[in-house]
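A short worksheet on the structure shown next.
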Amino acid sequence: MDGYIDMHCHILPGVDDGAQDIEEMKAMLQIAYNDGIRCIIATPHHHPRRGKESPEVLRRQATILRDAAHAIDEKFRIYLGTEIYFGQDVIYKIKDKQILTMNNRDYVLIELSPSDTYDYIRQSLQKLQFAGYQVILAHVERYNCIAENIELAEQLWDMGIHLQINAGSIIGESGRRSKKFVKSLMDEELVFGVGTDAHDTVRRAPRMKKAAAYVSKKYGEDYMRRIFFGNAKEMLKKIRKDESR
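No gaps in the numbering here: position 165 of the sequence shown is 1324 in the numbering used here, and each next residue is one more.
Structure, rendered in structure tokens:
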């Protein structure tokens, strides 16, 4: 693979509050490709209100997405995961294969409410770790308690939680507070990966080039490649424990 890996993107058509149909999906794909993205992990919501389609439906839509990506470039890679809103039943559902992990690996992309307390966030993520999963906390800059205290982000990192940030937050599209916070995270090298969290072609489009250029200038090419490509690539290659037996 080359180019950027978008590890958080709502591009599957008609399954959540992202791409609403195949035409919007195709337009988002073209925007992503033109912006240097060469791999997308589609992460539809599993959420009480924003969508929770079955894995069968998601796989069917992913095939449509993959065919459209290959029509642009045979090397344009598509993988499937889920952005999982944490609830007390999600561990059971993941183990029962009712919710998809990231590329069928042990990694799970988790979101919670921005207003949740730190104790609740930490305990929820620990439950997933104790169940055997590598946890990625989606768009860490959105959680009010963490964004106000970088030491809490450091605590999660030290626990082994992988922190994902949105490309738009790097360049200020989510506001000055988010930009300042993600800069602090990058200053301390507390970022696992970057995603677009794209939902459409206008307000939340799948763009990474501007953010990557900023990171490359401020933190160096090696660090940019690590968080925009390398770490996600390694995650995609990891083998599930039950596959290695």
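Built from N, CA and C at the ideal position, the CB exists for glycine as well.
Exercise for review: Using beta-carbon positions only, say whether Arg-1336 and Ala-1306 come within less than 8 Å of one another.
Suggested key: yes
Point to revise | Extent of the continuous alpha helix (DSSP H) to which Ile-1269 belongs | key: That residue, Ile-1269, is in no alpha helix (DSSP H); its beta strand (DSSP E) goes 1266-1270.
Point to revise | For Cys-1304, the residue or residues it bridges with in DSSP | key: BP columns for Cys-1304 are empty, so no partner.
Review point. What runs of the alpha helix (DSSP H), each 4 residues or longer, lie entirely inside the stretch 1297-1360?
Key: 1303-1306, 1309-1318, 1326-1329, 1335-1346
Check your understanding: When the Cα atoms are used, what is the spatial distance from Lys-1254 to Leu-1171?
Key -> 23 Å
Review point. In terms of residues, what are the limits of the alpha helix (DSSP H) holding His-1229?
Key: 1214-1231
Exercise for review: Helix, strand or coil for Ile-1170, going by three-state DSSP, please let me know.
Suggested key: coil
Exercise for review: Please determine, among Val-1294, Pro-1365, Asp-1346, Leu-1188, the residue with the shortest C-alpha to C-alpha distance to Asn-1325.
Suggested key: Pro-1365
Review point. Count the other CB atoms within 10 Å of the CB of Arg-1385; is the residue buried (16 or more) or exposed (fewer)?
Key: buried
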